[in-house]
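Be aware that the sequence shown starts at 6, since it is given in this note's numbering, and climbs by one per residue.
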Amino acid sequence: MQTQLDLNAFKILYQDEHIVAIHKPAGLLVHRSPIDKHETQFAVQITRDLIDQPVFPIHRLDKATSGLLLFALDSNSARLLGEQFSQHSITKTYLALCRGWTNPTGLIDHPLKYQKDKIADKYKREQPLPQSAETFYETLAHTTVDHSIGQFDQQRYSLVELKPTTGRKHQIRRHMNHISHPIIGDVKYGDRHHNHFFNDWLGQHRLYLAATSLRFNHPVSGKEMSIHAPLEHSFLTALNALNLTHAIPGLSHDSNIESN
6 MQTQLDLNAF KILYQDEHIV AIHKPAGLLV HRSPIDKHET QFAVQITRDL
56 IDQPVFPIHR LDKATSGLLL FALDSNSARL LGEQFSQHSI TKTYLALCRG
106 WTNPTGLIDH PLKYQKDKIA DKYKREQPLP QSAETFYETL AHTTVDHSIG
156 QFDQQRYSLV ELKPTTGRKH QIRRHMNHIS HPIIGDVKYG DRHHNHFFND
206 WLGQHRLYLA ATSLRFNHPV SGKEMSIHAP LEHSFLTALN ALNLTHAIPG
256 LSHDSNIESN
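Below, the structure is given as structure tokens:
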């Protein structure tokens, strides 16, 4: 089953002469991919058409992940922002719904081997050794749902804030699965029984992972910036059903931009 794409959730969160930040809906590719040849809409194309100028992708979000995506508007800004990402000096924050009750806080320090895609990575050189990968997390809330799955009559879930310090492929999804708290809606690394429960219960299918903020230095002014993205309606639907909206400080449908 494919993630339901809601293009109404696409919006420009911030723009100046050198950068533009958008909210990417779940189900939208960042750019063309040989894996999804049938797709005709992409975040790069939509953003370019909206602002009527080329955009330079700085980082990626998985197709199924919603949230904040940053582009540069010139090659020099792209280079400078790219250096911040490669040096891990940009703070990325995500929100996820996970199976089970996670610890209050934790550091997942688990190297990941690059997973080649047979189509997209056909000519990519093999990387035999795992790469270092770290993800900090903080549990915002725990909840239970009265629903029988297997031998359990109640199901436990956690709302977790995550801050990866590295950017490996599917890092957050693989790390949460590694500690036995897979993200709900993750068809590759998750638990199909809980995924099916959420699909049937809420009448929607998505990966409950969202990029909620970026903190970085502006590529030209050097000022520290913090851009926040709203949660997509489908994510909020799940939070409301689980009575978890209270757990997110300053939860808003609107973006919030700070600079120093």
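Virtual Cβ for every residue (Gly too), placed ideally from N, Cα, C.
Worksheet entry | Option in D54, A48, L78 with minimal Cα separation from V60 | L78
Worksheet item: Whose C-beta lies closer than 6 Å to the C-beta of Q89 among residues of the same chain, with five residues either side of it excluded?
Response: Taking Q89 as the centre and dropping the five residues before and after it, the same chain places the C-beta of I95, F221 closer than 6 Å to its C-beta, in chain order.
Worksheet item: Just how far apart, CA to CA, sit R197 and T8?
Response: Their Cα atoms are separated by approximately 15 Å.
Worksheet item: Which word fits L102, buried or exposed, when buried means at least 16 other C-beta atoms lie within 10 angstroms of its C-beta?
Response: buried
Discussion item. Assuming H28 is part of the beta strand (DSSP E), what are its boundary residues?
Written reply: First-last of the beta strand (DSSP E) with H28: 24 to 29.
Worksheet item: Below 8 Å, can you find three or more Cβ-Cβ pairs linking the region 237 to 254 to the region 192 to 207?
Response: yes
Practice prompt. Sort G105, T250, A234, R178 by Cα distance to L75 and report the nearest one.
Written response: Per the Cα distances, A234.
Discussion item. If you measure between the beta carbons of L86 and I56, is that distance less than 7 Å?
Written reply: no
Discussion item. Let's test the definition: count the other Cβ atoms within 10 Å of the Cβ of V337 and tell me whether it reaches 16, buried, or not, exposed.
Written reply: Residue numbering for the chain in the displayed model covers 6 to 265; residue 337 lies beyond these limits and cannot be assessed.
Practice prompt. Below 8 Å CB to CB, which residues in the same chain sit around N108 once its five sequence neighbours on both sides are set aside?
Written response: T144
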